[in-house]
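2 protein chains.
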Amino acid sequence: MSNSPLYHLIWSSRPLMQRAEALVEQRLTGTGLTVRMRAVLEILARDGDCPVPELARRLEIQRQYVQVMVNETIAAGYAEKRDNPRHKASPLICLTDRGQKLIADVLAGEARVVARMSEALAADDIETAVAVVDRLLGLMDDEIEKRP
Amino acid sequence: MSNSPLYHLIWSSRPLMQRAEALVEQRLTGTGLTVRMRAVLEILARDGDCPVPELARRLEIQRQYVQVMVNETIAAGYAEKRDNPRHKASPLICLTDRGQKLIADVLAGEARVVARMSEALAADDIETAVAVVDRLLGLMDDEIEKRP
DNA sequence: GGCATATTGACAAGCAGCATGTCATAATGA
DNA sequence: TCATTATGACATGCTGCTTGTCAATATGCC
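If you read the sequences in order, they're chains A and B.
One rule links them: number in our numbering = place in the first sequence (from 1) + 520.
One rule links them: number in our numbering = place in the second sequence (from 1) + 520.
Written as structure tokens, this is what we have:
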């Protein structure tokens, strides 16, 4: 039913996501980055250099499309290819200095916004919410697997 | 930062939504309904008959596209047009008996799944999570409005 | 009643964000 | 050494939506 709190929580995910994406996009205006490039740079900054197929796995997107995203990012000068000791035909994608600085700035700015919003909420309530949502994700996976 | 609980919560919204949509879609197989039709029928069942532009406002989608969704739903026999006393050129979209029964079944089935998952979680933790997310939506709106 | 303005349904076109298919060229593992 | 797999590149298609346009009303205001 629509008056179940859990039902409400589940369908809050859509507006939540829309606002998150809107915020990210808004903060990107003027930086020269697109949302797609930001996604690539974020992974590289967080997890370090990696080849395209590995990026695709982390982003859970088809490697063919990630390739396009990466090519754009390289063309914009925020990333570059380097020899991959583990696979000669699949170069590592690495941040350039410009890319490094830019993504650090962007992520820091986002972190400031999140920190500001965190202050308006009780820390342990946030923890509870995270725990509920994480459990919920597992429960939904179970329901989905019930009839494949 | 990526280790902030609130950051984690915000980006849980995407997988949450994906799973919610996957579940809805899965439960629709064999009913003759598409996800789009379900969306239309859900509003009609919840809020009562209304004309297309009003549906569009509630769904927050362009009316031109909602019109397509509604036409499909009518063609499938789950809804029909009736005279609108408030606006002669814009008929009310109403559930047919078939549509009424079907959407009630679908929503009841979904409610059963949600109820099952609710049992695995503490009721007051769910309430806390809902409260956090609702507050968060407001906070994000504020952040977005800061520079339009 | 008469007229400017807004609303509606219908249709067409376009676009972003993917998925899918294919292929040549390596690279890898047995 | 040879079958298998991985990779980059390119083309094509799809879905879900937006945008634009238009004629036909309908409505609000005088």
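C-beta atoms are modelled at their ideal positions from N, C-alpha and C, and glycine is treated no differently.
What you are looking at is a predicted structure, and each value in this text was computed from that prediction instead of being measured.
Collapsed DSSP secondary structure at residue i in the structure displayed
| i | result |
| --- | --- |
| B/R558 | helix |
| A/I581 | coil |
| B/A599 | strand |
| B/L526 | helix |
| B/L656 | helix |
| B/L641 | coil |
| A/L612 | strand |
Contact set between residue i and chain B, taken where Cβ atoms lie within less than 8 Å
| i | result |
| --- | --- |
| A/E665 | Within 8 Å Cβ-Cβ: nothing; A/E665 doesn't reach chain B, min ~10 Å. |
Spatial distance of residue i from residue j (CA atoms)
| i | j | result |
| --- | --- | --- |
| B/L579 | B/Q546 | 21 Å |
| A/P605 | A/T593 | 22 Å |
| A/K666 | B/H528 | 27 Å |
| A/G597 | A/E562 | 15 Å |
| A/H607 | B/M537 | 36 Å |
| A/R566 | B/D569 | 50 Å |
| A/D625 | B/D644 | 39 Å |
| B/L520 | B/V653 | Outside the shown range of chain B, which is 521 to 668, sits residue 520 of chain B, and nothing can be said about it. |
| A/T616 | A/A599 | 5 Å |
| B/C614 | A/R556 | 42 Å |
| A/N591 | A/Q584 | 11 Å |
| B/T554 | B/A609 | 28 Å |
| A/L564 | B/M637 | 36 Å |
| B/P525 | A/R577 | 24 Å |
| B/E574 | B/T549 | 28 Å |
| A/T648 | B/A628 | 28 Å |
7 Å Cβ cutoff, residue i in contact with chain A
| i | result |
| --- | --- |
| B/E545 | no |
| B/I530 | yes |
Spatially closest choice to residue i from the options, by CA coordinates
| i | options | result |
| --- | --- | --- |
| A/D662 | B/G597, B/Q584, B/P571, B/A540 | B/A540 |
| A/M660 | B/E574, B/V560, B/A542, B/R534 | B/A542 |
| A/I664 | B/M589, B/V588, B/V633, B/R534 | B/V633 |
| B/L657 | B/S524, B/P525, B/S533 | B/S533 |
| A/W531 | B/E574, B/L526, B/V572, B/V544 | B/V544 |
| A/T551 | A/A640, A/R655, A/R618 | A/R618 |
Where residue i meets chain A, residues with beta-carbon distance less than 7 Å
| i | result |
| --- | --- |
| B/E647 | P525 |
Partner residues on chain B for residue i, Cβ-Cβ distance less than 7 Å
| i | result |
| --- | --- |
| A/P535 | L657 |
| A/V652 | L641, D645, I646, A649 |
| A/A542 | I664 |
| A/S638 | S524, L526 |
Proximal chain A residues relative to residue i, where beta-carbon distance stays under 8 Å
| i | result |
| --- | --- |
| B/R539 | L657, M660, D661, I664 |
Any chain B beta carbon closer than 7 Å to residue i
| i | result |
| --- | --- |
| A/V555 | no |
Residue i: contacting residues in chain A (beta-carbon distance under 9 Å)
| i | result |
| --- | --- |
| B/V634 | M521, S524, L526, Y527, I530 |
Neighbouring residues, chain B, relative to residue i (Cβ below 9 Å)
| i | result |
| --- | --- |
| A/M589 | Neighbours of A/M589 on chain B: none; closest Cβ ~17 Å, over 9 Å. |
Closer than 6 Å: residue i CB and nearest the ligand ATP heavy atom
| i | result |
| --- | --- |
| B/P611 | Of ligands this structure carries none, so the ligand ATP is not represented either. |
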